[in-house]
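Number of protein chains: 2
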Amino acid sequence: MANPTAAMLVIGDEILSGRTRDSNMHFLAGELTRHGIRLMEARVVADDHGAIVASVNALRARYDHVFTSGGIGPTHDDITADAIAAAFGVSISHRADAMALLQAHYDRAGLEFNEARQRMARIPEGASLIDNPVSTAPGFTMGNVHVMAGVPKIFEAMVASVLPKLTGGAPLLSQNLQVQRGEGEIAAEFGKLAAEFPDLSMGSYPFIRNGAHGTNLVIRGTDPARIDAAMSQLVRLFG
Amino acid sequence: MANPTAAMLVIGDEILSGRTRDSNMHFLAGELTRHGIRLMEARVVADDHGAIVASVNALRARYDHVFTSGGIGPTHDDITADAIAAAFGVSISHRADAMALLQAHYDRAGLEFNEARQRMARIPEGASLIDNPVSTAPGFTMGNVHVMAGVPKIFEAMVASVLPKLTGGAPLLSQNLQVQRGEGEIAAEFGKLAAEFPDLSMGSYPFIRNGAHGTNLVIRGTDPARIDAAMSQLVRLFG
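From first to last, the protein sequence lines stand for chains E and X.
Going by the working numbering, the residue at position 152 of the first sequence is 152; the numbering climbs one at a time, nothing skipped.
Position in the second sequence counted from 1, then plus 239, gives you the working numbering.
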């Protein structure tokens, strides 16, 4: 069976302005790989209704799953839930179960459950809630789109609650050989080896350390025996 | 004058598999902001010809500039130059000036200028070269698309050589107020202030530190006097 595919959509001006460095994409990439879901594409867009709607619709049509981060808080720049509703052409309203969760949370904390906080209970019609063990305000899954918070601690907790519910594929495995040679020196032989193993994906990633050129040679696939076979040949060539 | 717009395209399986954490996007975002160019969107795609061609064509039609990173080395998985040529519908070949640069570089280093290394002189018809002071192999600008290496040290050097040649806009300025309150507490007043300054962009970025909720309130724009005026009101409200 082919592995399910996914895309990520990071929503937030603060990433595009360079103020904040996104960490959610790297986290999700690792989790999906372990779960056997192929992350095929990631996009970062601004807090802009049209940009979010267009990206969500492009990505959800193309991939099995879309994971979004950011824009589901209580402030005026949190517009993701409305954009998702618009992308799916459904209505959005304060949902009773989300209202009850949040009401109980703010009661416990002795804080007012004000209008801004109530905005976080606005959920598109037909979505199911994603648990937020960190700060209660839920994410949601609408069709094949999983809408999660941007704060890394909350994003990571939401991924942990969503992923076990999704059908994964065979785990995506990889092995790495680091060589102290430049890419140009190993390229010809490495390319030939890659052509001999069309079922595997082979990549070379150069680095410069203390002024010396080195390369990480990575072999990826789902069949451990094939990866072992290719790695043995790689070690024989360059090890 | 409105600020020029830009998109970034990060090319590489290693980012999407979670093996490597991209740093070039964050670097470019900061540099563009200082240069007065608005980064509107970023995408990450795999080392896949069709994905690169489609993304380049979508982004170059929509924004003033597109900056790419990755896939211009000597190995079989370096397919960016060919994809750019295909996206523009032009031919690609070993270019004399790039060949001469690389030949001199490998002569100095006492290394063979082999077929794999010669691949790095393949440049789409009509492009201009981008200087690589780190390892010589050039990037290139084709139309409004600036094609650069993925290794951060080289990417950063190429950005430094490209940016001064581009027309920037008024610098994109920002001021930040950090408050030790949750977003839900400041949302109503902050939203009202944002509505009073439609020429500025205001964002709120929650964080959790030692279990306590805080928020960074950020005001962005190009007119320093307007940003000062908004920040004074923000400090009066929450300072």
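C-beta atoms are modelled at their ideal positions from N, C-alpha and C, and glycine is treated no differently.
Just so we're clear, the structure is a prediction, and the values are computed from it rather than from any experiment.
Beta-bridge partners of X:Q342 (DSSP): none assigned. Where E:I227 is concerned, the enclosing alpha helix (DSSP H) starts and stops at 224-238. Between E:I130 and E:G143, the C-beta spacing is not below 8 Å. Residue environment analysis places E:S128 among the exposed positions, since fewer than 16 neighbouring C-beta atoms fall within 10 angstroms of its C-beta. For E:K192, the closest C-alpha among the options E:Y63, E:A85, E:F67, E:A230 is that of E:A230. For E:L129, the enclosing beta strand (DSSP E) stretches over residues 128-130. Rounded to the nearest angstrom, the Cβ distance from E:E183 to X:G251 is 14 Å, too far for a contact under 8 Å. E:G184: member of the alpha helix (DSSP H) spanning 183-196, first to last residue. Apart from sequence neighbours up to five positions away, the residues of its chain that approach E:T33 with a beta-carbon distance below 6 Å are L172, ordered along the chain. Chain X places no beta carbon closer than 8 Å to that of E:H94, leaving this residue out of the contacts. With 16 or more other Cβ atoms from the protein chains shown falling within 10 Å of its own Cβ, E:N132 counts as buried. For X:V284, the closest Cβ of chain E is nearer than 8 Å. Going by DSSP, E:M142 is part of the beta strand (DSSP E) stretching over 139-142. As for any alpha helix (DSSP H) of minimum length 4 sitting wholly inside the stretch 271-334 of chain X, the runs are 288-301, 319-327, ordered along the chain. In this structure, the CA atom of X:L456 is about 50 Å from the CA atom of X:H344. At a C-beta separation below 7 Å, X:S443 has these neighbours in chain E: T75, D77.
Taking X:E364 as the centre and dropping the five residues before and after it, the same chain places the C-beta of A324, V329, S330, I331, S332 closer than 8 Å to its C-beta, in chain order. Less than 8 Å separates the beta-carbon of E:V66 from that of E:L9. Contact between X:D438 and X:R475 is absent: CB atoms are separated by about 20 Å, not below the 8 Å threshold.
With a 10 Å radius around the Cβ and a threshold of 16 neighbouring Cβ atoms, X:T406 comes out exposed. Taking a contact to require three or more Cβ pairs closer than 8 Å, the stretch 440-455 of chain X and the stretch 414-429 of chain X qualify as touching. At least 8 Å separates the beta-carbon of X:G309 from that of X:G257. At a cut-off of 8 Å between beta carbons, E:H26 contacts chain X.
Taking 7 Å as the upper bound on Cβ-Cβ separation, chain X lies near residues N114, E115, A116, R117 of the stretch 109-126 of chain E.
Residue E:K153 holds the alpha-carbon nearest to the alpha-carbon of X:F446 among E:S174, E:K153, E:L101.
In its chain, beyond the 5 residues on either side, R220 have a beta carbon closer than 6 Å to the beta carbon of E:S201. The C-beta of X:G430 comes closer than 8 Å to at least one C-beta of chain E.
Inter-residue distance for E:A137 and E:S204 is about 42 Å (C-alpha atoms, whole angstroms). Secondary structure of X:A409 (DSSP, three-state): coil. In the three-state reduction of the DSSP assignment, X:F266 falls in the helix class, which pools H, G and I. For X:S440, the uninterrupted beta strand (DSSP E) run begins and ends at 440-448, by DSSP. X:A241 has its alpha-carbon roughly 34 Å from the corresponding atom of X:V373. Between X:D303 and chain E, the shortest Cβ-Cβ separation is not below 8 Å. For E:M40, at least one C-beta of chain X is nearer than 8 Å to its own C-beta.
Between the alpha carbons of E:L111 and X:G478 lies a distance of about 20 Å.
Between the alpha carbons of E:R95 and E:G169 lies a distance of about 34 Å.
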